[in-house]
Amino acid sequence: AVDRVCKAIRDNESILIYGDNDVDGMTGTALLTEFLQFLGAKVFFYVTNRGTSRQSLIVEALEYALKNECKLLITVDCGITAAAEIAKVVEKNVDVIITDHHEPTDKIPHCVATLNPKLLNNPYPNRDLTGVGVAFKLAHAITNQLVAEGKISPKKVDLKRYLDLVAMGTISDMGSLLGENRILVRYGIKQLRKTKRIGLMKLISICDVDLNELTTFTIASKIAPRLNSLGRIDDPQKGVEVLLIRNAQTAEKMALELDLNNIERQKIERTMSADVEVIIANQPEIMERKAIIIQSDKWHPGVIAILSTRISKAYNRPTIVIAIDKEVGKGSLRSIPEFPLLNVLKDCSDLLTNFGGHDFAAGLTIKEQNIEEFKRRFIAAAEVQLHDSDVATKLHLNAEVNFHDLTFDLMESIKLLEPYGNENPQPILYCRAKQAWPPKVIGKTHLKLYLEQGDRMLEGIAFGKAALSPMLRKKDLMLEVAFTPQINNFQGQSIQLMIRDFRIIEPESHT
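Note that the sequence shown covers residues 3 to 513 in the working numbering.
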């Protein structure tokens, strides 16, 4: 891969970077585009709008490559399952390098090189790199080669400047935040806090995020959704443009457009969520099964991934949400650790037009006429493989503490565990405490609890628990509380509890 890219730079060949339409793909595409342009390469980028595509995505990229006389096509965050399509690209005398992190199928594309940490017998120790992580590794390897050949000075290339993109893509794609990924994201967040990318600065400003307070949570909940909204309901090409743009006025205009897109996406999502509630209410048998599959011809295919994620988390079940258009269904799948998806999808491949992804997050395309049989087989597999305990909602507790343990020194120690995210969640502690006085409803849906243990009282916030307020009106009620401690900076610094769950401890009967 490195040799072919270096040849393209040396021979002044045009290169096309072809990326997936999510934030992982956008950031990886922006990274390689900017990096190769820095080296003097002639680079184009292309991100397919899946919502408007009427043909193979790779074929669209090929047409774009041929139009711009590109001799080399580099995929980002895609391509590993597109053996047949990539063969068509190669037939047109366009060389292909695949950079991807999705699970390979039995048919590995025939091309110049395939970079994927999940390839069988791959010696690379971190198989959890995301798409932008693989793109970063390619840039790193190209740099090493050019430095070794004396073509560039090691002082000329600062790869750390790309870590802001690596962090955003890794966090957005729910990449593991252990090992190497944790290091990349940790330093990537530091880079984000001092980013010089004008488009990103404008976007962060619109999100009302303080750069000094930037965390994985603010990236995942505020910044990434605005970029992802392009891939869901608009043109993801704009996402790469906003990451690369150098004109402040245009950057501000694009950031505002992203914000409006996100508002529109939220409206669509609320409508679809209401539909789901009606479906579940009218078909209670859905919740009697160990997998949830729902479909509609009224849903936007760009938003189904959000729904499948939310439903799977809420009910702790493998979940598939399918949007049907013109007798073709596009499905988003999310699962739980006890039920890997890909083997089940392979067993149902005769019913599917296409599928791919990971064991716990995948996508599929299916003809409408095959959906009912697919549902039957998929649910049957879940019933066989899963026990009742597997689909029970769980909360994993890390340690029991007393209030006197919750000091600012402890908070500093806990901070060393950051950045939090997939496979490295915030610690959840638990304790027994007495209510000092009844809870207060805040913001209509949340509860503020006043908890007392010994001579110390702490406040706790329980999000979305306001409906439980009536059961907490009893005086001196004892609770068992699961929480994550946080520092509250309002009117000075204090420690408060972000309450994940609680239960009332009934007094023992002495009859």
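Backbone N, C-alpha and C define an ideal beta-carbon position, used for all residues, glycine too. Keep in mind the model is a prediction, meaning the values are calculated, not measured.
Is the CB of residue i under 8 Å away from at least one CB in chain B?
i	result
R188	Protein chain content of the structure displayed is limited to a single chain, and chain B is not contained in it.
State buried or exposed for residue i, treating a residue as buried only when at least 16 other CB atoms are found within 10 Å of its CB.
i	result
E243	buried
I22	Note that residue 22 is Asp in the sequence shown here, rather than Ile. With 16 or more Cβ atoms within 10 Å of its Cβ, D22 is classed as buried.
D108	exposed
V168	buried
I489	exposed
N263	buried
E87	buried
Q493	exposed
I265	exposed
M170	buried
R319	buried
K476	exposed
M256	buried
D166	buried
L194	buried
T447	exposed
A10	buried
P286	exposed
I247	buried
R434	exposed
Quick one: what does DSSP say residue i is sitting in, helix, strand or coil?
i	result
S337	coil
V96	coil
Y422	coil
G359	strand
F485	strand
G331	strand
Q437	strand
F40	helix
E259	helix
L399	coil
T409	coil
A3	coil
K369	strand
T107	coil
Q387	helix
Q268	helix
A394	coil
G494	coil
R248	coil
L343	coil
V25	helix
I235	helix
D352	helix
V323	strand
Keeping to the same chain, check which residues put their C-beta closer than 7 Å to that of residue i; ignore five residues upstream and five downstream.
i	result
Q57	Reliability fails at Q57, whose pLDDT of 46 lies under 50, so the model's placement of it is uncertain and the value that follows must be treated cautiously. Hits under 7 Å: none found.
E375	L353
I282	I288 and M289
I373	Q297, I324 and G331
E254	K204
Y48	L18, Y20, A63 and Y66
Between which residues of its own chain and residue i is the CB-CB distance below 8 Å, once the five residues before and five after are set aside?
i	result
A154	Correcting the residue identity first, residue 154 is Ile in this sequence and not Ala. Cβ neighbours of I154 beyond the five flanking positions: L41, T145 and L148.
L431	L399, N400, A401, E402, V403, A484, F485, T486 and P487
S55	Because the pLDDT of S55 is 45, which lies under 50, any placement of that residue in the model is unreliable, and the question is left without a value.
N70	S16, L18 and F46
Between residue i and the rest of its own chain, which residues show a CB-CB distance below 6 Å, the 5 nearest in sequence each way excluded?
i	result
I295	I322 and K377
A250	I200
R291	I381
R379	C350
V7	I144
M480	K436 and I507
R188	P421
Q428	Y422 and T486
Using 8 Å as the cut-off, can you tell me whether the segment 309-329 makes contact with the segment 347-357, which would need three or more C-beta pairs spanning the two stretches below that distance? no
Ignoring anything shorter than 3 residues, give me the beta strand (DSSP E) runs that lie fully in the segment 276-318, in order along the chain. Entirely contained in the segment 276-318, the beta strand (DSSP E) runs reaching 3 residues are, in chain order, 294-298.
Mind listing, in chain order, the continuous beta strand (DSSP E) runs of no fewer than 3 residues lying wholly within the segment 45-93? Whole beta strand (DSSP E) segments, 3+ residues: 72-78.
Inspect the CB distances between the segment 300-307 and the segment 269-282 and report whether three or more fall short of 8 Å. yes
With a cut-off of 8 Å, do at least 3 Cβ pairs link the segment 78-85 to the segment 97-114? These segments touch.
Any 3 or more C-beta pairs closer than 8 Å across the segment 326-336 and the segment 403-416: In this structure the segment 326-336 does not lie against the segment 403-416, because fewer than three pairs of beta carbons, one per stretch, are closer than 8 Å.
At which residue ranges does the segment 119-187 contain complete alpha helix (DSSP H) runs of 4 or more residues, listed in the order of the chain? 133-150 and 165-174
Could you say if the segment 13-33 and the segment 231-239 meet the contact criterion of at least three C-beta pairs nearer than 8 Å? yes
Runs of beta strand (DSSP E) lying entirely within the segment 440-479, each at least 3 residues, in chain order: 448-455 and 458-464
Using 8 Å as the threshold, is the segment 34-44 in touch with the segment 128-147, meaning 3 or more CB pairs across them? Three or more beta-carbon pairs drawn from the segment 34-44 and the segment 128-147 are found closer than 8 Å, and the two stretches are therefore classed as touching.
Every unbroken alpha helix (DSSP H) within the segment 197-230, with a cutoff of 4 residues, ordered by chain: 200-208
Can we say the segment 417-426 touches the segment 381-398, given the rule of at least three CB pairs closer than 8 Å? The answer is no - the segment 381-398 does not touch the segment 417-426, with fewer than three Cβ pairs under 8 Å.
Flag this pair as touching only if the segment 94-101 and the segment 119-130 have three or more C-beta atom pairs under 8 Å; answer yes or no. The segment 94-101 and the segment 119-130 do not touch, with fewer than 3 CB-CB distances between them shorter than 8 Å.
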